[in-house]
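Listed in order, the protein sequences are those of chains A and B.
Residue 1 is where the first sequence starts when you use our numbering, and the numbers rise one by one after that.
Residue 1001 is where the second sequence starts when you use our numbering, and the numbers rise one by one after that.
Ideal Cβ placement from N, Cα and C applies to all residues, glycine included.
Quick notes on the structure that follows.
Number of protein chains: 2
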Amino acid sequence: MSTAQLELTHITQAAARASAIAAATPDARRAEWLLAVADILDANSAELVALADEETHLGEARLAGEVARTSGQLRLFARVITEGSYLEAIIDHANPAAVPPTPDLRRVLRPLGPVAVFSASNFPFAFSVAGGDTASALAVGCAVVVKAHSGHPRLSERTAELVAEALRGAGAPEGLFSLVSGRDAGTALVQDPAIKAVGFTGSIPGGRALFDLAVSRPDPIPFYGELGSLNPVVLTQAAIEARGAELASGLAGSFTLGAGQFCTKPGLVFLPEGTDFAALLAAASREKPAGAMLTDRIAEAYPEGLRGHATVPGVDVVVGSVDQRALAEGAAPVVFRTSAATVFEHPDRLLEECFGPTTVLIEYQDREELHRVLALVPGSLTATVDAEPGEDIQAVAEQLAGLAGRVLFGGWPTGVAVNWAQHHGGPWPATTSLFTSVGATAARRFQRPVAYQDAPEALLPEALREENPLRIPRRVDGVLSLP
Amino acid sequence: MSTAQLELTHITQAAARASAIAAATPDARRAEWLLAVADILDANSAELVALADEETHLGEARLAGEVARTSGQLRLFARVITEGSYLEAIIDHANPAAVPPTPDLRRVLRPLGPVAVFSASNFPFAFSVAGGDTASALAVGCAVVVKAHSGHPRLSERTAELVAEALRGAGAPEGLFSLVSGRDAGTALVQDPAIKAVGFTGSIPGGRALFDLAVSRPDPIPFYGELGSLNPVVLTQAAIEARGAELASGLAGSFTLGAGQFCTKPGLVFLPEGTDFAALLAAASREKPAGAMLTDRIAEAYPEGLRGHATVPGVDVVVGSVDQRALAEGAAPVVFRTSAATVFEHPDRLLEECFGPTTVLIEYQDREELHRVLALVPGSLTATVDAEPGEDIQAVAEQLAGLAGRVLFGGWPTGVAVNWAQHHGGPWPATTSLFTSVGATAARRFQRPVAYQDAPEALLPEALREENPLRIPRRVDGVLSLP
């Protein structure tokens, strides 16, 4: 083994030992660990934001909001594990009268073991070192080994120091949380026998490569990847007629937010042909300043992606310029306009994600053509339809629910609330999974069920003991009951 | 496309259309479909059992019980979808006071789409054409395409006819259920773009090959495979002293049940050295008749597997003979005895599943050695510890919970109750999944979440409408509430 390999093994072995301790720790204690991490992030927000702004150029206001979101996520998971439904406790008492007789059987979810978390470039807090994957894994009692993103190395180090300090102070076991860096460490981590699941947020090629590693292990492990998303938006004729300028202003704000580097950026906008919406959007977008890109690689890929769209016959540029020579000053907004007919001819080129402040207006002739072109859109995190009250959009809504994990009725997809009902996921390539990476149910990714048959009361996990000492919701003999 | 490919595409396209209809069908109607299938199986039990006995030699009593189990499974899923918790409905009302304000968000689980089901040789009803995978997929509104097992082709055809007849009679859509045969059809099915998930019960090599196909698709799909399991049993000194003959009799019954062709067969039995348990087991096993094997391939693999164990130095044969020349009369019970020390030297050969009426007694010197040898046992569906009241077995139980999906405290693993709390799954290679293939929660395998943001009431699925018209349990603003 090389020194790097030895070091990684040391880290993952420590994570395995810490996971065993965390799994045996009461929920109330683990909730305290999460709250300690939340508190230390808030207390050091100013320092972290300054560091993040130097490395990501995302701006202080946005970054301060993201720290609050991140500590809020940790506090949500503290509530989730305290409430206890996340354990999915089910008790079926023995039934000697059944044919054949059935034993006493009690099921609960238990932590999987050490989780590898790959942090994202575009959310240096909320989807990074102490982000949602880390929070949900720690919550259920899994150790976490984070692979730092190369786009914000100093911030990653500093955040990791603070997380480790908070966990130590709260009495969490040594090795429960660690940070590794570098591409080689990342690939080794996914293949490490001690690692039992992976959380990933990033690009389709990067995510697919790691997914392939995870599933080709001698013992395949779950890979929860959030990879890429076009986030289609459908505007109706009536909506544009009633609120055209307002929609244009909202769309301009959404597709340029964070210089268009959001996984929920609206990348495709379907609208009826023959409206003045493009002109309204041009007016609204011109006010938007150029924004610095997160990394050199993303900055270089942006004009390439733009050229990929612009060189398709039948595609017009209605806002900005594909020639982004002034990129040193940041990426400027670019809007394309084309027809559904052109998408039918060049689906691969026009239905490809372009990370940055750009979107494609696609004009449809009628509802029938709209349905046909939506059928080509790959799986997305979100899909939006904006219509006037009373319009019949049931068929559109149904189609959007088939291609995305979150369907919006008006509004813009770039806000992702962190709560119990959130689903941030969707069919491939939006994610590799049937789970969310944001919100309370993200916890289920890092748990596995165990059923205890005819167990003595003293050997049952507390969640399954007869008198319900944790006072959690449980299903008993088929009936869901509240404490 | 070849004719066979065209035919398969025809079937999967019909399944996709039927899935869309089933997804939009009320739970109460789909429950009727399940009950109709259950009723037709029960009504034709005698004919089906006779056909199954000809093809599998499993015996009429066992097969009649299995039909009842299968119709019981269908009825359980009818109750599950009627109760409604399986939809995991969550509502978070808008909160304009939050920073930033949060929208109205409502999450529900929706069916994935057409599911491919690979039936098993060893349970021609309960894990076959109308078995648990089919029942749970139909329950949530997914069409099913079953790949018949080559071990019981006529039974598969006849069962499929009856299922189709029942579904037609109950008003289910055309194409909701179909049957295909042959290895080529099976591999094509896993790669078919219309198929959205796979349920599989079978061998490790066969399951791994199909798993690899499922995850290497351009759009990877979930593969829920139940592959192989050693089902370790730990007996303590005190248990053997107190109940040695009873334990021997129970074990003999369990490892020879169905000629040892159960995925939950106890294949490894850990016991303290220096007891007379082997002699007691020999006495109890000698009474067990030879049993016909399910297929020629399984019959040929059995003596090969036995030789694989017998030729390890330090392994004794304490019951039966490795030389199974009289296999025409069926497979006879064989018991091996060895030491934990021998397992440390030859883990690969002794910790390999041997399908058939055989088990391996492994003698441990002390608890410390027991823990070390258990650490080598691969993931299993079940693990059992049998001790006397008052013995300290907490560490053993905890270790077993780490390696299996169901932990038994006494009794034998070969009975698998079908109820709400059951978990029939476990770490690789027991399964490829964090889900069960038996019991109520199996339904979650074929569902994906969708969140509706700011949706007009009329466009929400009924499960999410404000007044809870389905009267199902839901979580509202973080609080789980019963109807």
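- Query: Three or more beta-carbon pairs under 8 Å between the segment 37–52 of chain A and the segment 206–218 of chain A, yes or no?
  - Reply: Verdict: no, contact absent.
- For chain B, find out if any of its Cβ atoms is closer than 9 Å to the Cβ of residue 205 of chain A; answer yes or no. Under the Cβ criterion of 9 Å, residue 205 of chain A is not counted among the residues facing chain B.
- Item | Chain-ordered chain A contacts of residue 1452 of chain B [CB-CB under 7 Å] | 407, listed in chain order.
- Please classify residue 1010 of chain B: is it buried, with 16 or more other beta-carbons within 10 angstroms of its beta-carbon, or exposed? Under this definition residue 1010 of chain B is an exposed residue.
- Message: Tell me whether the segment 1357–1377 of chain B and the segment 1243–1256 of chain B touch, counting them as touching only if at least three CB pairs, one residue from each stretch, are closer than 8 Å.
- Response: The count of Cβ pairs closer than 8 Å, one atom from the segment 1357–1377 of chain B and one from the segment 1243–1256 of chain B, reaches three, so the stretches are in contact.
- Whose CA, out of A:86, A:44, A:311, lies closest to the CA of residue 1478 of chain B? Ranking A:86, A:44, A:311 by Cα distance to residue 1478 of chain B puts A:86 first.
- Among B:1122, B:1220, B:1388, B:1296, which has the Cα closest to the Cα of residue 978 of chain B? Missing from the structure shown is residue 978 of chain B; chain B here goes from 1001 to 1483 and no further.
- Query: Which chain B residues sit within Cβ distance under 7 Å of residue 448 of chain A?
  - Reply: Going along chain B in sequence order, the residues near residue 448 of chain A (Cβ under 7 Å) are 1434.
- Starting from residue 1117 of chain B, follow its DSSP beta bridges and name the residues at the other end. For residue 1117 of chain B, the beta-bridge partners assigned by DSSP are B:1146, B:1199.
- Starting from residue 1423 of chain B, find everything on chain A with Cβ-Cβ shorter than 8 Å and list it in chain order. By Cβ distance, chain A contributes 107, 449, 450, 451.
- Task: Rounded to whole angstroms, what's the CA-CA distance from residue 1113 of chain B to residue 1017 of chain B? Just pull it up for me.
- Result: If you take the alpha carbons of residue 1113 of chain B and residue 1017 of chain B, they lie about 9 Å apart.
- Query: Can you find a CB in chain B that lies within less than 9 Å of the CB of residue 238 of chain A?
  - Reply: Any Cβ of chain B closer than 9 Å to the Cβ of residue 238 of chain A would place that residue at the interface, and such an atom is absent.
- Task: Would you mind giving the Cβ-Cβ distance between residue 1277 of chain B and residue 1244 of chain B, rounded to the nearest angstrom? I have them listed as a contact below 8 Å.
- Result: The C-beta distance from residue 1277 of chain B to residue 1244 of chain B rounds to 6 Å, short enough to meet the 8 Å contact threshold.
- Query: Of the residues that make up the segment 76–96 of chain A, which ones have a beta carbon closer than 8 Å to any beta carbon in chain B?
  - Reply: Per Cβ criterion, the list reads 79, 83, 85, 88, 90, 91, 92.
- Rounded to a whole number of angstroms, what is the C-alpha to C-alpha distance between residue 363 of chain A and residue 272 of chain A? Cα to Cα, the separation comes out at about 5 Å.
- Is the beta carbon of residue 1385 of chain B sitting closer than 9 Å to the one on residue 1410 of chain B? Going by C-beta atoms, residue 1385 of chain B is nearer than 9 Å to residue 1410 of chain B.
- Task: Report the neighbours of residue 220 of chain A on chain B: residues whose CB is nearer than 8 Å to its CB, in chain order.
- Result: The contacting residues are 1211, 1215, 1428, 1432.
- Query: Using a beta-carbon distance below 9 Å, is residue 1226 of chain B in contact with chain A?
  - Reply: Not closer than 9 Å to any Cβ of chain A, the Cβ of residue 1226 of chain B fails to qualify, so no.
- Task: Return the bridge partner residues of residue 1358 of chain B from the DSSP annotation.
- Result: Paired residue(s): B:1334.
- Message: Can you confirm whether the segment 55–68 of chain A touches the segment 172–187 of chain A when touching is taken to mean that 3 or more C-beta pairs between the two stretches lie within less than 8 Å?
- Response: Contact between the segment 172–187 of chain A and the segment 55–68 of chain A is absent, with fewer than three C-beta pairs closer than 8 Å.
- In whole angstroms, what separates the C-alpha of residue 1028 of chain B from that of residue 1136 of chain B? Going by C-alpha positions, residue 1028 of chain B is about 15 Å away from residue 1136 of chain B.
- Message: Measuring alpha carbon to alpha carbon, tell me which residue in B:1239, B:1230, B:1194, B:1342 is nearest residue 1265 of chain B.
- Response: Among B:1239, B:1230, B:1194, B:1342, the Cα nearest to that of residue 1265 of chain B is on B:1230.
- Message: Can you tell me where the beta strand (DSSP E) holding residue 224 of chain A begins and where it ends?
- Response: Going by DSSP, residue 224 of chain A is part of the beta strand (DSSP E) stretching over 223–226.
- Message: Rounded to whole angstroms, what is the Cα-Cα separation between residue 72 of chain A and residue 79 of chain A?
- Response: Computed Cα separation, rounded: 11 Å.
- So does the segment 178–194 of chain A actually touch the segment 136–156 of chain A, counting three or more Cβ pairs closer than 8 Å? The segment 178–194 of chain A makes contact with the segment 136–156 of chain A, as at least three CB pairs between them are under 8 Å.
- Proximal residues of chain A, C-beta to C-beta of residue 1419 of chain B below 8 Å: Chain A residues near residue 1419 of chain B: 92, 102, 105, 478.
- Taking Cβ to Cβ, would you say residue 1111 of chain B is nearer than 9 Å to residue 1019 of chain B? Taking C-beta atoms as the reference points, residue 1111 of chain B and residue 1019 of chain B count as a pair closer than 9 Å.
- Query: What residues match up with residue 1296 of chain B in a beta bridge as DSSP calls it?
  - Reply: Bridge pairing for residue 1296 of chain B: absent [DSSP].
- For chain B, find out if any of its Cβ atoms is closer than 9 Å to the Cβ of residue 298 of chain A; answer yes or no. Between residue 298 of chain A and chain B, the shortest Cβ-Cβ separation is not below 9 Å.
- Query: Using a Cβ-Cβ cut-off of 6 Å (strictly less than) and excluding sequence neighbours within five positions of residue 1074 of chain B, which residues of its own chain qualify?
  - Reply: Contacts found: 1034, 1037, 1038, 1135.
- Query: Under 9 Å Cβ-Cβ, which residues of chain A neighbour residue 1465 of chain B?
  - Reply: The contacting residues do not exist; residue 1465 of chain B stays about 14 Å from chain A at best.
- Task: Output yes or no for whether 9 Å exceeds the beta carbon distance between residue 1109 of chain B and residue 1469 of chain B.
- Result: No; because the gap between Cβ atoms is not below 9 Å, this pair is not in contact.
- Return yes when the Cβ of residue 1371 of chain B is within less than 9 Å of the Cβ of residue 1396 of chain B, no when it is not. It is a contact, given that the beta carbons lie within the stated cut-off.
- Against chain A: residues of the segment 1320–1348 of chain B by CB proximity under 8 Å: Those residues of the segment 1320–1348 of chain B that come within reach of chain A (Cβ to Cβ, closer than 8 Å) do not exist; the list is empty.
- Among A:291, A:408, A:324, A:207, which has the Cα closest to the Cα of residue 307 of chain A? Comparing Cα positions, the closest option is A:324.
- Message: Could you check whether residue 402 of chain A and residue 422 of chain A sit closer than 9 Å to each other, using their CB atoms as the reference points?
- Response: Between residue 422 of chain A and residue 402 of chain A, the C-beta gap is not smaller than 9 Å, which leaves the two residues out of contact.
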